[in-house]
Each structure stands twice: as C-alpha cells, then as structure tokens.
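Asks: Could you have a look at this structure, given as structure tokens, before my questions?
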Amino acid sequence: MAIHSIADADVAGKRVLVRVDFNVPLKDGVVGDDSRIRASIPTIELILDKGGSVVLVSHLGRPKGKINEAMRIAPAGRRLEELLGRPVTVVDDVTGPHAREKAAALQPGEVLLLENVRFDPREEANDPSLAKELAGLADVYVNDAFGAAHRAHASTAGVAGLLPSYIGLLMLDELDHLGKLTASPDHPFVAALGGAKVTDKVGVINELMTRVDALLLGGGIANTFALASGQPIGASLADRDFAPQAKEILERAASQGIAIHLPVDVVADTSIDGPGEIADAGSVGDDQSIFDIGPETVEAYGKVLKEAKTIFWNGPMGVFEKPAFAKGTLGVADAIAASDSYSVVGGGDSLAAIEQSGVGARIDHLSTGGGASLEFLEGRVLPGVAALDRKE
Ligand code: ADP
Ligand code: MG
Numbered sequence: 044m045a046i047h048s049i050a051d052a053d054v055a056g057k058r059v060l061v062r063v064d065f066n067v068p069l070k071d072g073v074v075g076d077d078s079r080i081r082a083s084i085p086t087i088e089l090i091l092d093k094g095g096s097v098v099l100v101s102h103l104g105r106p107k108g109k110i111n112e113a114m115r116i117a118p119a120g121r122r123l124e125e126l127l128g129r130p131v132t133v134v135d136d137v138t139g140p141h142a143r144e145k146a147a148a149l150q151p152g153e154v155l156l157l158e159n160v161r162f163d164p165r166e167e168a169n170d171p172s173l174a175k176e177l178a179g180l181a182d183v184y185v186n187d188a189f190g191a192a193h194r195a196h197a198s199t200a201g202v203a204g205l206l207p208s209y210i211g212l213l214m215l216d217e218l219d220h221l222g223k224l225t226a227s228p229d230h231p232f233v234a235a236l237g238g239a240k241v242t243d244k245v246g247v248i249n250e251l252m253t254r255v256d257a258l259l260l261g262g263g264i265a266n267t268f269a270l271a272s273g274q275p276i277g278a279s280l281a282d283r284d285f286a287p288q289a290k291e292i293l294e295r296a297a298s299q300g301i302a303i304h305l306p307v308d309v310v311a312d313t314s315i316d317g318p319g320e321i322a323d324a325g326s327v328g329d330d331q332s333i334f335d336i337g338p339e340t341v342e343a344y345g346k347v348l349k350e351a352k353t354i355f356w357n358g359p360m361g362v363f364e365k366p367a368f369a370k371g372t373l374g375v376a377d378a379i380a381a382s383d384s385y386s387v388v389g390g391g392d393s394l395a396a397i398e399q400s401g402v403g404a405r406i407d408h409l410s411t412g413g414g415a416s417l418e419f420l421e422g423r424v425l426p427g428v429a430a431l432d433r434k435e
C-alpha cells in the first residue's frame with residue numbers, strides 16, 4: 044500500500060483537515076477521561092510546528108444525524124485548548140457558514156474545531172456531498188482517528204479521495220502495535236473478551252478462532268455462550284438470538300482444539316445495586332443477573348494468562364463501575380500486567396478499567412480503538428486506512 048505519513052508531508056502555509064477521535068465521555072458539559080484528546084496532540088503539534096494550520100473534525104457519541112445539545116463538541120475543544128496551550132476556535136456547524144468562514148480565515152499555527160460531524164446525516168452515509176464540503180475547508184487531509192477507522196464515513200473515508208491524504212502519527216502507532224498481533228504473534232496467543240456490546244463482539248469470535256489458542260470470556264459475551272452451552276443465566280445481559288450460533292462456535296472450537304473458557308463461578312444479584320453473591324455457573328436464579336466472573340474463574344483465567352506469550356483484551360469481565368462487581372475485571376487486568384507477554388488492551392471501558400487498576404504502565408499497548416482494534420485483529424482491512432492508499 045502507498046500510504047504516506049504526515050511526518051513526511053510539506054504542510055507549510057497549508058490548511059490541514061485532521062480527522063481525530065474526540066469521542067470522549069462528557070459529564071455536565073465537562074470531558075471525563077481525556078486520553079483520546081491527549082493521543083491526538085502529536086499530530087496536531089507536528090502540523091503546527093511545520094507551519095500549517097489545523098481544521099479538526101470528530102464525532103462524539105451517537106447523535107444519529109441530528110443536532111443533540113448534549114453531544115456538542117465544544118467541551119472537547121476547551122480541553123484541547125488547555126492541553127495545547129493555544130487557542131482553539133470551535134464552530135457550531137460542520138461545513139456550514141461558520142465553519143467555512145473560520146476555515147477560510149485560518150492562519151498558520153491556528154486551530155479550528157468543527158462541530159460533531161455525526162450531527163450531519165451525510166456523515167455515516169458516506170455521502171460524497173459532505174466529503175466534498177469537508178475537502179473544501181482544507182488543502183490536505185490527515186486521518187488520525189483510529190477509533191473510527193473501521194467505519195467508511197464521509198470524514199474517515201470519502202474525503203480521503205478528494206485531497207492529498209496522509210496517515211497521522213496516532214494511527215501509525217496503533218497499526219504498528221496491533222500489527223504485532225497479526226503478523227507473527229508468539230504463542231500461546233490468548234484473547235480475553237467481555238463487555239456489553241454483545242452483538243458487536245460475538246461475531247468476531249469466529250474470526251479470532253483462526254488466530255488465537257484460547258479465549259477467555261466474561262461480561263455479556265460469556266453469558267451468551269453460557270446460555271448456548273445450556274446453562275441458565277437468569278435475567279443476565281446476553282444476546283439470546285445469537286445463542287444457536289454460539290453453540291456452533293463452541294463445537295467448532297472443540298474440534299479445532301481452541302479452548303473457549305467460560306466462567307466456572309459468577310457474582311450475581313437481583314439488582315445491579317446489590318452486594319452480589321458468588322454462585323457456581325449454572326446455578327443462577329431466574330430473577331438474578333450475572334454481574335461479574337467469580338473468584339475461581341479469576342484464578343483459572345489468571346493461569347491461562349500467565350502462560351500466554353501474546354494477549355489481547357477487549358471488554359470488562361463485569362460491571363466494574365460498581366465495586367461489588369469489579370473484582371473480575373481488576374483481577375484480569377492484574378494478571379495481564381503480571382504476565383510475561385506482549386499485551387494489548389483496547390476499548391473505552393477496558394481502558395477505564397486499566398486506569399482504575401493502575402497497571403497501565405505494564406501493558407505494552409493501550410489502544411484508543413475498541414471496535415477498530417477488534418476488526419483489525421480479525422484481519423480485516425480498515426476502511427479509514429484503505430482510503431489513504433494512493434495506489435501509486
Ligand atoms: P469497551 O468499551 O471496553 O469496548 P463495552 O462498551 O463493550 O467495552 O462494555 C463495557 C460495559 O460492559 C461496562 O459498562 C460494564 O459495566 C458492562 N458489563 C460488563 N459485564 C457486564 C454484565 N455481566 N452485565 C451487564 N453489564 C456488563
Ligand atoms: Mg464501551
């Protein structure tokens with residue numbers, strides 16, 4: 044592929060449209076975890092140092108093509124301003140009159156942030172008219188939004204064909220680290236999967252089975268597979284429609300010698316606010332929900348992780364936001380940190396759990412992309428990366 048790094052581009056005097064991933068948690072109009080904004084700084088500073096100006100565009104949340112006051116991008120702009128130590132102009136439209144006026148007046152060293160691009164219904168439709176309007180705001184395009192690279196949208200893919208396009212430093216770093224998982228990983232290669240986005244994630248297990256030696260399941264995914272293997276899961280979060288497919292996956296894994304580990308014990312309760320009680324997997328009551336993996340499971344998963352030479356983790360093992368249901372997730376985080384492996388963790392909530400456990404420095408790579416890192420690991424070409432290929 045002929046993909047060019049922004050590090051090699053001459054952007055002096057040019058306006059550079061940078062697709063960033065500022066999809067950060069907001070609470071009462073203030074940015075919570077700002078790690079995605081921090082991760083975008085190197086590319087922004089590089090362009091400014093080279094004498095260019097920057098037009099930033101990002102999505103935030105899922106506004107579904109409509110203006111949503113709670114998902115305005117401005118708080119991210121304020122945080123960026125603090126981190127950069129220079130002014131950031133924020134406009135309240137994506138490619139409307141305000142955006143066009145400010146972009147046209149941009150001087151070298153200046154930074155403009157466009158409104159949440161998903162307020163425009165043409166973004167997710169990858170509508171060429173939006174791509175054209177975005178391209179009209181700048182001279183050069185950079186994609187540095189790894190977290191959105193698995194989406195072919197107007198700001199992540201469409202616009203790349205309309206301007207000289209480059210890959211950003213964050214995106215390069217992500218591909219470099221994740222590439223080690225797919226190129227020639229040391230075995231055993233163990234993937235731990237959990238979390239709530241069950242429907243998004245269960246499908247990838249099929250693909251992961253071609254690469255990994257063992258899968259450790261927690262969260263809603265474990266519940267789905269437990270159901271498929273005939274265990275009662277009460278009122279637990281699960282993708283019940285997927286259970287028949289999960290059953291097939293379990294059978295195929297057994298015939299291929301891939302170990303799919305399910306919890307042997309769980310922490311369950313009738314309410315998410317409850318203290319939780321440890322129960323054997325398979326003995327969960329109808330009115331109970333599984334909110335975490337149990338202590339025996341943490342120990343068993345820990346043993347598998349200890350032997351691993353390569354580890355990928357996406358999705359908390361339980362409702363780690365509640366102390367009563369955090370032990371499974373924190374236990375797995377500790378085991379990954381203690382292991383002598385090449386370790387990669389991806390996913391917004393998974394990173395929050397790593398932060399909470401304080402073991403981040405002992406993980407080899409913390410990926411800013413959850414869905415994107417999973418799709419990369421499946422061996423798929425990410426549309427946001429493919430669009431940067433100039434096919435020379
Ligand atoms: P990530 O952001 O790391 O990709 P997800 O967004 O898929 O992960 O899932 C994170 C969420 O999953 C957390 O808010 C956590 O509370 C929830 N979760 C994990 N296990 C369970 C469970 N057993 N039941 C309900 N929610 C769960
Ligand atoms: Mg999440």
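The sequence shown maps to residues 44 to 435 in this note's numbering.
Every residue, glycine too, gets a C-beta built ideally from N, C-alpha and C.
Note that the coordinates shown come from a computational prediction; the quantities given were computed from them, not determined experimentally.
#1: Return the bridge partner residues of D308 from the DSSP annotation.
#2: My assumption, with CB atoms under 8 Å, is that E421 sits in contact with L251. Please give the rounded CB distance.
#3: Give a yes or no on whether the C-beta atoms belonging to L155 and R81 are separated by under 8 Å.
#4: Pop quiz: H47 and I210 are said to be a contact at Cβ under 8 Å. What is the actual Cβ separation, rounded to whole angstroms?
#5: State yes or no: is the C-beta of T411 within less than 8 Å of the C-beta of G190?
#6: Between the C-alpha atoms of A226 and G319, what's the straight-line distance to the nearest angstrom?
#7: Distance, Cα to Cα, E153 vs N186?
#8: Any residues whose CB sits closer than 7 Å to a heavy atom of ligand 2? List them in chain order?
#9: Do you know how far the Cα of A395 is from the Cα of S386?
#10: When DSSP builds the beta bridges, which residues end up paired with A302?
#11: For the beta strand (DSSP E) containing G391, name the first residue and the last one.
#12: What would DSSP say about S382, mapped onto helix, strand or coil?
#13: Considering only heavy atoms of ligand 4, does any lie closer than 7 Å to the CB of F363?
#14: Nearest-angstrom Cα distance between L425 and D71?
#15: Count the other CB atoms, across all protein chains shown, that sit within 10 Å of the CB of K244; report buried if there are 16 or more and exposed otherwise.
#16: Are S332 and S279 touching if we call contact CB-CB under 8 Å?
#17: Hey, would you say the C-beta of P318 is under 7 Å away from at least one heavy atom of ligand 1?
#18: Could you check the C-alpha separation between P438 and L157 for me, to the nearest Å?
#19: Could you give the distance in angstroms between the alpha-carbon of D329 and the alpha-carbon of A269?
#20: Say the cut is 7 Å; is the CB of S314 nearer than that to a heavy atom of ligand 1?
#21: Are the CB atoms of P306 and A324 within a distance shorter than 8 Å?
#22: State the CB to CB distance for the pair P106 and N66, rounded to an integer number of angstroms; the pair is presumed to be in contact (CB under 8 Å).
#23: According to DSSP, is I90 helix, strand or coil?
#24: Can you list the beta strand (DSSP E) stretches of 3 or more residues lying completely in the segment 99-160, in chain order?
#25: Quick one: any contact between the segment 354-373 and the segment 197-216, if contact means 3 or more CB pairs under 8 Å?
#26: Would you decide whether E358 is buried or exposed? Buried here means 16 or more other CB atoms lie within 10 Å of its CB.
#27: Can you list, in chain order, the residues of its chain whose CB lies under 7 Å from that of S198, leaving out five sequence neighbours each side?
#28: Does the beta-carbon of A289 have 16 or more other beta-carbons within 10 angstroms, so that it is buried, or is it exposed?
#29: Which two residues bound the contiguous beta strand (DSSP E) that contains V185?
#30: Looking only at its chain, what residues have a beta carbon closer than 6 Å to the beta carbon of I87, apart from the 5 residues adjacent to it on each side?
#31: For D383, count neighbouring C-beta atoms within 10 Å of its own C-beta (all shown protein chains included) and say buried if the count is 16 or more, exposed if not.
#32: Measuring only from the beta carbon, is I84 closer than 7 Å to any heavy atom that is part of ligand 1?
#33: Taking the beta carbon of K370 as the centre, do at least 16 other beta carbons fall within 10 Å, making it buried, or is it exposed?
#34: Please state if the CB of L173 and the CB of D163 are separated by a distance shorter than 8 Å.
Replies: Short version:
#1: D323
#2: 7 Å
#3: no
#4: 7 Å
#5: yes
#6: 42 Å
#7: 19 Å
#8: G238, A239, K240, G390, G391, D392 and G413
#9: 16 Å
#10: A257
#11: G391 -> not in any beta strand (DSSP E); alpha helix (DSSP H) instead, spanning G391 to S400.
#12: coil
#13: Because ligand 4 does not appear in the structure shown, any question about it cannot be addressed here, the ligands present being ligand 1 and ligand 2.
#14: 34 Å
#15: buried
#16: yes
#17: no
#18: This structure leaves residue 438 out entirely; the chain is present only between 44 and 435.
#19: 14 Å
#20: no
#21: yes
#22: Not a contact, Cβ separation roughly 11 Å.
#23: helix
#24: 131-133 and 154-156
#25: no
#26: Before going on, a small fix: residue 358 reads as Gly here, not Glu. It counts as buried.
#27: R62, V100, V160, E166 and L177
#28: buried
#29: V183 to N186
#30: V97
#31: exposed
#32: no
#33: buried
#34: yes
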